[in-house]
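Numbering (my numbering), first residue to last: 1 to 54.
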């Protein structure tokens with residue numbers, strides 16, 4: 001498995017199963033670069049399952 005580095009900014013993340021279907025999970029946001037504020041924003045998005053923006 002390869003993991004790519006994220007550029008600066010907000011990155012939406014969701015799972016789709018099977019690929020190409022409309023069965024998607026809630027969309028979460030990853031914020032980069034890593035710092036205490038962006039880590040809290042990412043954690044809030046994960047905890048709320050993407051229900052709220054930030």
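For each residue, glycine too, the CB sits at the ideal point set by N, CA and C. Model, not experiment: these values are computed from the prediction.
Tell me, which residues are paired with residue i by DSSP?
i	result
residue 12	29
Please report the residue range of the alpha helix (DSSP H) in which residue i lies.
i	result
residue 43	36–47
Give the single residue among the options whose Cα lies nearest to the Cα of residue i.
i	options	result
residue 49	5, 19, 38, 25	25
residue 27	4, 44, 5, 6	44
Can you list, in chain order, the residues of its chain with a C-beta nearer than 6 Å to that of residue i? Leave out the 5 residues immediately preceding and following it.
i	result
residue 14	24, 25, 27
residue 55	Examination of residue 55 is not possible in this model, given that the chain is present from 1 through 54 alone.
residue 42	30, 31
The region 29–41 touching the region 5–12, judged by at least three CB pairs closer than 8 Å: yes
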